[in-house]
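Chains A and B supply the protein sequences, listed in that same order.
Under my numbering, the first residue of the first sequence carries the number 4, and numbering increases by one thereafter.
Under my numbering, the first residue of the second sequence carries the number -12, and numbering increases by one thereafter.
To keep things clear, I will list the structure first and then write my remarks on it.
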Amino acid sequence: MSISNSGFQRKSKASDQIPSSSMADIAFLLLIFFMITTVFREEQERPIEWPEAQATQQIDEKRQNVLYVWVERTGQVWMNDQQIPMEMVSNLVAPAWIESGRRLVISLRADARAPYRYIDAVQNEIRDGGAVYVVFATDLERRMTRERR
Amino acid sequence: MAILNKKSKITDEIPSSSMADIAFLLLVFFLVTTVFPKDRGLRIVLPEQAEEVEISQRNILHINIMPDGLVRIRRGDSQNEQTVSPRDVEGIWRIEVAQNPNLIAGVKTHPDAEHRLMIQVLDGLQVAGAERISLQLLEG
């Protein structure tokens, strides 16, 4: 046993270990591969005035499970970079709600000065579409700005 | 001259074995310092479709938001209305909920009131720790 073992060791001395000098190269290759294949979903932002709130918190939901609904001051509703009539919101929310496995979070990005009637209408449409998780998109309000006003 | 050459033979090149480590260090640094703009806002959960719950008037705090920026607060079982600014809602809620832990905030907003007024009230309620909030349109 010991004799054959020593014989083997002597023969394979050169290729004893996996070469670790190219490990960094492999890691970089994987890194670059994933960097290139990752696609961020980008949506054009509508020009709105953001409402401010102190209780603003981060949404910990995957980006693909977040649906943006923009409501402008005039009551125009924008989704997926196009303006849509108010009655169509539920038709767009329903399939997204199913697709997300009932986890869809609607980020309601409404202008601070939009009359509430539109916000209420959108909420009703979201309910009709079956979704229940809504986030009123706000900017974090700082104490200083609050006191200054 | 020959003696000098012999001395500096060892440190001839810049060591390249640690280059990968430096690259990784830079990579990790930028990974940590990069901040993606995340979605943020005030969370609420809408009631499910056709979900109507009867609530005793005693447990409701009516908060009516008017288009002029004032807020009218009325306790469910009383007729007294109190007109306050949206900033005062937080303090009022804290006082009211201390007296009745089952309290529900019934926020009704006038159709012409600006969205930010509702956000201010909702913000005040959430800062004060309110969890049971109902958002409705003020009718009549």
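Backbone N, C-alpha and C define an ideal beta-carbon position, used for all residues, glycine too.
Please identify the residue among the options whose C-alpha is closest to the C-alpha of residue i.
| i | options | result |
| --- | --- | --- |
| B/R62 | B/E77, B/N46, B/A7 | B/N46 |
| B/I91 | B/R103, B/V114, B/S121, B/L109 | B/S121 |
| A/V108 | A/I35, A/F43, A/L70, A/T59 | A/L70 |
| B/E41 | B/G93, B/L13, B/P2 | B/G93 |
| B/L48 | B/N87, B/I1, B/G28 | B/N87 |
| A/T59 | B/F11, B/T(-2), B/L29, B/Q69 | B/L29 |
| B/D64 | B/F11, B/R74, B/Q44, B/V58 | B/Q44 |
| A/V74 | A/M26, A/Q85, A/N68, A/F43 | A/Q85 |
| B/D75 | B/A85, B/G111, B/G56, B/A100 | B/G111 |
| A/S103 | A/L34, A/V42, A/E64, A/P50 | A/E64 |
Which residues does DSSP list as the beta-bridge partners of residue i?
| i | result |
| --- | --- |
| A/W81 | A/W73, A/Q86 |
| B/S121 | B/G93 |
| A/D142 | A/E55 |
| A/Y136 | A/V108, B/V32 |
| A/P118 | B/E101 |
My assumption, with CB atoms under 8 Å, is that residue i sits in contact with residue j. Please give the rounded CB distance.
| i | j | result |
| --- | --- | --- |
| B/H97 | A/P54 | Not really, about 17 Å apart at Cβ, beyond 8 Å. |
| A/V72 | B/L33 | Not a contact, Cβ separation roughly 13 Å. |
| A/A117 | A/R66 | Contact flag wrong, Cβ pair sits at about 25 Å. |
| A/L95 | A/I101 | Incorrect: roughly 12 Å between the Cβ atoms, too far for contact. |
Could you tell me whether the Cβ atoms of residue i and residue j are closer together than 7 Å?
| i | j | result |
| --- | --- | --- |
| A/S110 | A/V138 | yes |
| B/L104 | B/I52 | yes |
| B/K25 | A/Q61 | yes |
| B/V114 | B/E83 | no |
| A/A115 | A/E52 | yes |
| A/E144 | A/Q57 | yes |
| B/Q107 | B/P73 | yes |
| A/N68 | A/R106 | yes |
| B/R81 | B/E68 | no |
| B/A7 | A/A27 | yes |
>> Does the contact criterion of 3 or more C-beta pairs under 8 Å hold for the region 115 to 131 of chain A versus the region -7 to 12 of chain B?
In response: Taking 8 Å as the limit for Cβ pairs, the verdict is that the region -7 to 12 of chain B does not touch the region 115 to 131 of chain A.
> Counting Cβ pairs, one atom from each stretch, are 3 or more of them under 8 Å apart for the region 116 to 127 of chain A and the region 70 to 90 of chain A?
Replying inline: By the Cβ criterion, the region 116 to 127 of chain A is in contact with the region 70 to 90 of chain A, since at least three pairs of Cβ atoms, one from each stretch, lie closer than 8 Å.
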